[in-house]
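Student: The sequence shown begins at 883 in this note's numbering and counts up by one. Cβ atoms here follow ideal geometry from the backbone N, Cα and C, with glycine treated the same way. Bear in mind that the values here come from a model prediction, so they are computed numbers and not experimental data.
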Amino acid sequence: MKVILSTLNAKYIHTSLAIRCLKAYSEKDFDIELAEYTIKDPVMNIVSDLFQRGADVIGFSCYIWNIEETIKVIDVLKKIMPEVKIVLGGPEVSYDTEHWMKRLANVDFIVVGEGEETFHQLLQELEGDRKFHFVYGLAYRKGEEVIIMPGRPKADLNELPSPYRFAEDIPELGKRVVYFETSRGCPFSCQFCLSSIEVGVRYYDIERTKSDILYLIDNGAKLIKFVDRTFNIKRDYALEMFKFLIENHRGCVFQFEITADIMRPEVLDYLAENAPPGVFRFEIGVQSTNDPTNELVKRRQNFTKLSRTVTKVKQSGKIDQHLDLIAGLPLEDYNTFRKTFNDVFALGPEELQLGFLKMLRGTGLRLDADKYNYTYMDVAPYEMLSNDVLSFADIVRLKRLEDVLEKYWNSHRMDHTVNYLIEREFSSAFDFFQEFGDYWEGQGWQKIGHQLEDLFTRLQSFLESRGTQRMDMVLGLMKLDYFLNHKYKPRKIWWEHTLEKDDWSSYMKMVLQHPDALLSPAMADVGKESTGETDVASQQPQPYREMVPAFASLKLGEKELQKHAVLDVLPFSLDHILSGGSPLTAEGRTLLLVVYQQNGQQKPLYYTMPIGKNIAAI
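And the structure:
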């Protein structure tokens, strides 16, 4: 009996841990093959590939992001392979299981909950006496009747074989994200989350975990994402793992979901002192800072302690942080969400993810949806459309905000400009992103694509349309950000006025004659490159601060500068503005020089020189 375990990942670089766990448990007794696709792959391409592989049983791992696409594949498969047994598993079908069995006539079985033992026993029955009523944790059909067996006790994790050591995975380890679990379960009871349904946390043996991680690193893994719901729930365990990863990372990057308000000071101190820059990345689910909301959804959170953790991690300059918000939680109206957004943005996360509440099957919030007058999508991802305090019109506006937040903050294309605008020209970060998002949609730009230059010209258009003050200063910061978005000297300039050739030559001569007069920022927060989704390196957090060498030490001649440098004059003191000074006192002008291809990371370096009244100091 040949078995194929399959899933449709959200992106090519993702890998499915679930189907590997099932294969590891059952491969000693059955011929099992893995087949991964993406939700963007055409249905006929997936079906054709599965058909040619040939199978007696095909299992699909199902989530909110792939269930509807998976159903399309199953329906075609059953037409061309009516004898094949279709098995579903995963969080999306583990709740309201009877609904799925009745809706999906082409599905023969559903494995409910933790699947290793249940799936293995199902395969044994398919090959043997077919007494499915002996299989706990299984839903099956008996004629027209749907039978759902009682759940199975939780497995002893240390009796499960490792899912990380398949030889066929080795060639792809460096090109894709490796998902890794050190535990299962969650200690919290957040009513919007599926993890709250399983009580307690179970751990794998830590030495086994270390051995598996070393195996992955030795075989080329570049990015490992831990799927533990709260990696730092056990202080001693987390600290030991952090120490182990620091000592053995060899360039591999690790991403964790942590609960920031329970992070112990000694762990933070250890990370601040010992973590290599760029090797760790923290995902922190804040969701809301509205106390009545958090209390209602049973989310225990101390925002003061959370802020202390995020601030200390940021000050260390070692670890990128990705903070999450959820719009649409109960009692969180548009105005209180504005406060939530501004509270969290003020912490300065490298990424701020704005998500919208999903009414997941099995969660307490979905069961209580009527209490708060929720309307939501009938099919996955079950996103909320409105509730008693947040209208659909509010949701639409927040979607606009989310769009420009992704383009202008999370992409890190304009950090200097956006920070200045928020601090000096808008009432708050929320107001900047919301007003810009409304303008963006009003121009119809959501219907068309954009290149890097478009992002700058569209921001300029928005700012000019509202009569933004000191546009000369804003445009100067935009030039700096634009230059820092390139690995090589840019050929295209989006602004109208550039230096005359004679002025350019005279300034360049000044640079060559007085290289020591060029100032380098103490720490250069170089813009991050926007790269393709299929590149694992693009998923890796980069150190966002690094020392910039003195310009004189580069020893660049005229030919090198002609080839690898850009130069412009800004009508204000750039260093004064970047250090937080008032625009009203940013007198003078600044010569801005950006040079490319002078370091191994291919990151641009920028230098400044005061000119005009201050040039006499040279």
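Measure from the C-beta of L890 to each C-beta in chain B and report whether the shortest distance is under 9 Å.
Tutor: Considering every chain present, this structure includes no chain B. It has just one protein chain.
Student: Using only alpha-carbon positions, find the residue among H1002, E1155, I992 and S1388 that is nearest to K910.
Tutor: For the purposes of this step, residue 910 is taken as the residue at position 28 of the sequence shown. The shortest Cα separation from K910 among H1002, E1155, I992 and S1388 belongs to H1002.
Student: Which residues bound the alpha helix (DSSP H) around K960?
Tutor: Start at 1 with the first residue of the sequence shown, and residue 960 comes out as number 78. Its alpha helix (DSSP H) spans residues I949 to I962.
Student: If you run the structure through DSSP and keep just helix, strand and coil, what is H1204?
Tutor: By 1-based counting over the sequence shown, the position of residue 1204 is 322. H1204 falls in the strand class under three-state DSSP.
Student: Helix, strand or coil for S1077 per DSSP?
Tutor: Within the sequence shown, the letter at position 195 stands for residue 1077. In the structure shown, S1077 sits in a helix (DSSP, three-state: H, G or I).
Student: Tell me whether the beta-carbon of L1239 lies closer than 9 Å to the beta-carbon of V1226.
Tutor: On the sequence shown, residue 1239 is found 357 positions in, with the first residue counted as 1. On the sequence shown, residue 1226 is found 344 positions in, with the first residue counted as 1. Result no, Cβ atoms of L1239 and V1226 do not sit closer than 9 Å.
Student: With DSSP as the reference, please indicate the residues paired to F1164 in a beta bridge.
Tutor: For the purposes of this step, residue 1164 is taken as residue 282 along the sequence shown, with counting starting at 1. Answer is F1138 and Q1203, bridged to F1164.
Student: Any chance the region 972-982 sits against the region 1276-1291, with 3 or more Cβ pairs inside 8 Å?
Tutor: Taking 8 Å as the limit for Cβ pairs, the verdict is that the region 1276-1291 does not touch the region 972-982.
Student: Just tell me which of M1390, K1371, V1476 and E1442 has its CA closest to the CA of P1403.
Tutor: Along the sequence shown, one-based indexing puts residue 1403 at 521. Out of M1390, K1371, V1476 and E1442, V1476 has the C-alpha closest to the C-alpha of P1403.
Student: Between which two residues does the beta strand (DSSP E) carrying C1068 extend?
Tutor: Counting from 1 along the sequence shown, the entry for residue 1068 is found at position 186. Where C1068 is concerned, the enclosing beta strand (DSSP E) stretches over S1065 to C1068.
Student: Count the other C-beta atoms from every protein chain shown that fall within 10 angstroms of the C-beta of A1499, then say buried if there are 16 or more, exposed otherwise.
Tutor: In the sequence shown, residue 1499 corresponds to position 617, counting from 1. With a pLDDT of 44 at A1499, under the threshold of 50, the modelled position of that residue is not reliable, and the figure given next carries that caveat. Answer is exposed; the Cβ neighbour count stays below 16.
Student: At what residue ranges does the region 1297-1374 contain a whole run of the alpha helix (DSSP H), taking only runs of 4 or more?
Tutor: Counting whole runs of 4 or more residues, the region 1297-1374 contains the alpha helix (DSSP H) stretches 1297-1306, 1311-1324, 1334-1347 and 1353-1365.
Student: Going by beta carbon distance, what residues of the same chain come within less than 6 Å of R1132, once the five residues before and after it are set aside?
Tutor: The residue labelled residue 1132 in the question sits at position 250 within the sequence shown. Excluding sequence neighbours, R1132 sits near I1099.
Student: Contact between the region 1350-1360 and the region 1450-1469: three or more CB pairs below 8 Å?
Tutor: Output reads yes: the region 1450-1469 touches the region 1350-1360.
Student: Give the secondary structure of T1490 by DSSP, where H, G and I count as helix, E and B as strand, and everything else as coil.
Tutor: Within the sequence shown, numbered from 1, the residue matching residue 1490 stands at position 608. Of the three classes helix, strand and coil, the one that applies to T1490 here is strand, per DSSP.
Student: Would you mind giving the Cβ-Cβ distance between A917 and R935, rounded to the nearest angstrom? I have them listed as a contact below 8 Å.
Tutor: In the sequence shown, counting from the first residue as 1, residue 917 sits at position 35. In the sequence shown, counting from the first residue as 1, residue 935 sits at position 53. Contact flag correct, Cβ pair sits at about 7 Å.
Student: So, do the region 1018-1035 and the region 1046-1059 have three or more beta carbon pairs nearer to each other than 8 Å?
Tutor: No: the two stretches stay apart, fewer than three of their Cβ pairs being nearer than 8 Å.
Student: Spatial neighbours of A1154 within its chain, please: C-beta separation below 8 Å, excluding the five flanking residues on both sides.
Tutor: Locating residue 1154 in the sequence shown gives position 272, counting from the first residue. Answer for A1154: K1194, V1195, Q1197, S1198 and K1200, listed in chain order.
Student: Just grab the DSSP bridge partners of A1447 for me.
Tutor: Along the sequence shown, one-based indexing puts residue 1447 at 565. BP columns for A1447 point to V1477.
Student: Between the region 1092-1110 and the region 1134-1147, do three or more beta carbon pairs fall short of 8 Å?
Tutor: Yes, the region 1092-1110 is in contact with the region 1134-1147.
Student: Where does the unbroken alpha helix (DSSP H) through I846 begin, and where does it stop?
Tutor: Lying before the first or after the last residue shown, residue 846 is absent from the chain, which here runs from 883 to 1500.
Student: Within the same chain, show all residues whose beta-carbon is closer than 6 Å to that of K956, passing over the 5 residues directly before and after it, in chain order.
Tutor: The residue given as residue 956 occupies position 74 in the sequence shown. Note that residue 956 corresponds to Ile in the displayed sequence, not to Lys. Within the same chain, I956 has close Cβ partners I968 and N988.
Student: What does the alpha-carbon distance come out to for the pair E1335 and W1376?
Tutor: The residue labelled residue 1335 in the question sits at position 453 within the sequence shown. The residue labelled residue 1376 in the question sits at position 494 within the sequence shown. Approximately 6 Å between the Cα atoms of the pair.
Student: On a Cα-Cα basis, can you pick out the residue from N1367, D1385 and L1443 that is closest to Q1484?
Tutor: Here residue 1484 refers to the residue found at position 602 when the sequence shown is read from its first residue. Taking only the C-alpha atoms, the option nearest Q1484 is N1367.
Student: Would you please state the rounded distance, in angstroms, between the beta carbons of L1127 and T1191? I believe it to be under 8 Å.
Tutor: Numbered from its first residue, the sequence shown carries residue 1127 at position 245. Numbered from its first residue, the sequence shown carries residue 1191 at position 309. 19 Å between Cβ atoms; not a contact.
Student: Three Cβ pairs or more, each shorter than 8 Å: is that satisfied between the region 1439-1446 and the region 1458-1468?
Tutor: No: fewer than three Cβ pairs fall under 8 Å.
Student: Should V1081 be labelled buried (16 or more other beta-carbon atoms within 10 Å of its own) or exposed?
Tutor: The count along the sequence shown starts at 1 and reaches residue 1081 at position 199. Exposed: under 16 other Cβ atoms inside 10 Å.
Student: List the residues that DSSP assigns as beta-bridge partners of K884.
Tutor: As a working note, residue 884 is residue 2 in the sequence shown. Paired residue(s): D913.
Student: Please classify L1438: does DSSP put it in a helix, a strand, or coil?
Tutor: Residue mapping note: residue 1438 aligns to position 556 of the sequence shown, counting from 1. Three-state DSSP puts L1438 in coil, outside helix and strand.
Student: Within 10 angstroms of the Cβ of F912, are there 16 or more other Cβ atoms? Answer buried if so, exposed if not.
Tutor: Taking the first residue of the sequence shown as position 1, residue 912 is located at position 30. That one is buried.
Student: Can C944 and L904 be called in contact, C-beta distance under 9 Å?
Tutor: Numbered from its first residue, the sequence shown carries residue 944 at position 62. Numbered from its first residue, the sequence shown carries residue 904 at position 22. Against a cut-off of 9 Å, the Cβ pair of L904 and C944 comes out as no contact.
Student: Within 10 Å of its beta-carbon, does Q869 have 16 or more other beta-carbons around it, so buried, or fewer, so exposed?
Tutor: Look at the range of the chain in this structure, 883 to 1500, and you will see that residue 869 is not part of it.
Student: Do you know how far the Cα of F1314 is from the Cα of L1303?
Tutor: Residue 1303 sits at position 421 when you count from the first residue of the sequence shown. Residue 1314 sits at position 432 when you count from the first residue of the sequence shown. Those two C-alpha atoms are separated by around 8 Å.
Student: Which of helix, strand or coil does DSSP assign to R1084?
Tutor: Within the sequence shown, the letter at position 202 stands for residue 1084. If DSSP states are grouped into helix, strand and coil, R1084 belongs with the strands.
Student: With a threshold of 6 Å on Cβ separation, who are the neighbours of S1310 within its own chain once the five nearest residues in sequence on each side are excluded?
Tutor: Taking the sequence shown and counting its residues from 1, one reaches residue 1310 at position 428. N1224.
Student: At the level of alpha carbons, what is the spacing between A1251 and C1075?
Tutor: The residue you call residue 1251 lines up with position 369 of the sequence shown. The residue you call residue 1075 lines up with position 193 of the sequence shown. About 14 Å.
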